[in-house]
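**Student:** If you scroll down you'll find the structure; I have some questions about it.
2 protein chains.
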Amino acid sequence: MTAMPEAPDAKPVGAGRQLLFLREEELRLAQDLLFFGYRDFTAGPDAILAELGMGRAHHRVLHFVGRRPGITVGELLAILGITKQSLGRVLNPLVEEGYVVQAPGRNDRRQRLLSLTEKGEALEKRLFERQREWVMRAYREAGPVAVEGFRRVMRGLMGPEARAQLDRALPEAARPIGTKPRSAA
Amino acid sequence: MTAMPEAPDAKPVGAGRQLLFLREEELRLAQDLLFFGYRDFTAGPDAILAELGMGRAHHRVLHFVGRRPGITVGELLAILGITKQSLGRVLNPLVEEGYVVQAPGRNDRRQRLLSLTEKGEALEKRLFERQREWVMRAYREAGPVAVEGFRRVMRGLMGPEARAQLDRALPEAARPIGTKPRSAA
DNA sequence: TTCGATGTGTCAATGACGCTGACCCAACAG
DNA sequence: CTGTTGGGTCAGCGTCATTGACACATCGAA
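For the record, the sequence lines run as chains A and B. One point on numbering: in my numbering, the residue at position 45 of the first sequence is 45, and numbering is uninterrupted. Position in the second sequence (first residue = 1) + 185 = my numbering.
Encoded structure:
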């Protein structure tokens, strides 16, 4: 490839260009965007977590437990899509260090209902704020129409199970496009 | 900062109005979308790679080497953002098993210019096709306007270095919207 | 009341993927 | 000749996921 001739005014790609080539390039672009975008999206929280001897997995637990206090272990496993052994290795330290509390279920006492402690909420919020700044910048630069498109595409990239989980987890308030939960929970 | 470009095509969701300030739920949604979307986006290739005893990191090498044949090890390291030890653990098997070839640089014979063998191209293509179906489905469901928005937002989620790398790696032909290798705003 | 299914926890081993630190070689550049 | 650069390698560590097997309390129903 030639070394960037600095076209000062790269025009939008002409509509009638080689369609097949563009299709391929479109997808290569999507791959790149998702790789870099996701990596940099998680970089902020990752840095905070590293100082605490934690990783991305801890963040996910804090995130989903914070989103649905009283969630059962089984539900969390289903959402995260990992094994209970993997979850245990992350969840146990969070409990031991006082970020998460477990309470026996009222109806089914086998269950351990998870929720965040104040300490857990504080950390989750800290991670959240870091990421908020990052996402807000991207949203602001892109504009509301783009944000709506982003949501549509990301939703499309999710498998059916993940979509269902998302619908279930979402407060009806901020729901994207055609996301009517047909059989709500 | 208030008036954003009109959206003739996108459905006015709750997001259609002023989301220039990021409400809590909007960011939570973004977090969920990125987590689930990225996970499911990579699931297809992951399955193929697992059969070959490889992982996501191998795919990335195949992807970026395929995109820029003759890339140096140093450039690849910069793009991937990992250490050479980490790269070595992935790249060496790829070379040993005949997916990637190394050639000494013409100007600087210290360099090992990387490119795919036919075998490597075949595998990369196979992974690519799997992902293409997935992305195409999402793109088709979302529509062209949404795709454009998706690109803008993902680009915004990338850090400055990643954006520069993306511009550098891209054939000037198929470049997304406002991506003249300079502007931001 | 017994018994199987369920929710959860845990031990042990494995593997992918990243890191740091230290050191090496070959080639370039002064 | 010397210092820097491009690349490789050994040794060790940590996170995050896996599988398989087992333990235990509880629930629900025969």
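Where is the CB? At the ideal position from N, CA and C, for every residue including glycine.
Using 8 Å as the limit for Cβ to Cβ distance, is residue 343 of chain B near chain A?
**Tutor:** yes
**Student:** Locate the alpha helix (DSSP H) running through residue 87 of chain A, then write down its first and last residues.
**Tutor:** 84-96
**Student:** Give me the Cα-Cα distance between residue 110 of chain A and residue 162 of chain A, rounded to the nearest whole angstrom.
**Tutor:** 26 Å
**Student:** Helix, strand or coil, according to DSSP, for residue 312 of chain B in the structure here?
**Tutor:** In the structure shown, residue 312 of chain B falls within a helical segment according to DSSP collapsed to helix, strand and coil.
**Student:** Determine the burial state of residue 209 of chain B: buried for a count of at least 16 other Cβ atoms within 10 Å of its Cβ, exposed for fewer.
**Tutor:** exposed
**Student:** Against chain A, does residue 351 of chain B count as a neighbour if the rule is that its beta carbon must be under 8 Å from one of theirs?
**Tutor:** yes
**Student:** I think residue 342 of chain B touches residue 167 of chain A, with their Cβ atoms under 8 Å apart; what is that distance to the nearest whole Å?
**Tutor:** Actually they do not touch by this definition, with Cβ atoms about 23 Å apart.
**Student:** To the nearest angstrom, how far is it from the Cα of residue 261 of chain B to the Cα of residue 45 of chain A?
**Tutor:** Taking the straight line from one Cα to the other gives about 25 Å.
**Student:** What do you get for residue 74 of chain A, buried or exposed, if any count of 16 or more other CB atoms within 10 angstroms of its CB means buried?
**Tutor:** Burial state of residue 74 of chain A is exposed, judged by a 10 Å Cβ sphere holding fewer than 16 other Cβ atoms.
**Student:** Indicate whether residue 117 of chain A and residue 135 of chain A have their beta-carbon atoms separated by less than 8 Å.
**Tutor:** no
**Student:** According to DSSP, is residue 68 of chain A part of a helix, a strand, or is it coil?
**Tutor:** coil
**Student:** Give the range of the beta strand (DSSP E) segment to which residue 297 of chain B is assigned.
**Tutor:** Note, residue 297 of chain B: beta strand (DSSP E), 297-301.
**Student:** Across the stretch 119-132 of chain A and the stretch 61-71 of chain A, are there enough close Cβ pairs to call them in contact, namely three or more that are closer than 8 Å?
**Tutor:** yes
**Student:** Straight-line CA distance for residue 137 of chain A to residue 216 of chain B?
**Tutor:** 14 Å
**Student:** Any beta carbon from chain A within less than 8 Å of residue 243 of chain B's own beta carbon?
**Tutor:** So no, residue 243 of chain B is outside the interface.
**Student:** Spatial neighbours of residue 297 of chain B within its chain, please: CB distance less than 8 Å, with the 5 preceding and 5 following residues excluded, ordered by chain position.
**Tutor:** 257, 258, 287, 288, 289 and 290
**Student:** What do you reckon, are the CB atoms on residue 212 of chain B and residue 131 of chain A nearer than 8 Å?
**Tutor:** yes
**Student:** Would you kindly report the start and end of the unbroken alpha helix (DSSP H) that includes residue 339 of chain B?
**Tutor:** Boundaries of the alpha helix (DSSP H) around residue 339 of chain B: 329-342.
**Student:** So residue 344 of chain B and residue 147 of chain A are in contact, right, with Cβ under 8 Å, and what is the actual spacing, rounded?
**Tutor:** In fact, because the Cβ distance is near 19 Å, the residues do not count as touching under 8 Å.
**Student:** Skipping 5 residues on each side, what residues in its chain have a beta carbon closer than 7 Å to that of residue 55 of chain A?
**Tutor:** 49
**Student:** For residue 52 of chain A, tell me which candidate among A:33, A:107, A:152 and A:119 has the shortest Cα-Cα distance.
**Tutor:** A:119
**Student:** Between residue 243 of chain B and residue 42 of chain A, what straight-line distance do the alpha-carbon atoms span, to the nearest angstrom?
**Tutor:** 21 Å
**Student:** Which chain B residues are close to residue 85 of chain A, counting only those with a beta carbon under 9 Å from its beta carbon?
**Tutor:** Going along chain B, no residue has its Cβ under 9 Å from residue 85 of chain A, so there is no contact; the nearest lies around 19 Å.
**Student:** So residue 225 of chain B contacts chain A; which residues on that side make the cut at Cβ distance below 7 Å?
**Tutor:** 157, 158, 159 and 162
**Student:** What are the residues in the stretch 313-326 of chain B lying within 9 Å of chain A by C-beta distance?
**Tutor:** Those would be 313, 316, 317, 319, 320, 321, 322, 323, 324, 325 and 326, in chain order.
**Student:** Does the distance from the CB of residue 327 of chain B to the CB of residue 145 of chain A come in under 8 Å?
**Tutor:** no
**Student:** If contact means a Cβ-Cβ distance below 8 Å, which residues of the stretch 229-259 of chain B contact chain A?
**Tutor:** 245, 248, 252 and 253
**Student:** Could you tell me the boundaries of the alpha helix (DSSP H) in which residue 223 of chain B lies?
**Tutor:** 209-236
**Student:** Return the first residue and the last residue of the alpha helix (DSSP H) that residue 259 of chain B is part of.
**Tutor:** 258-265
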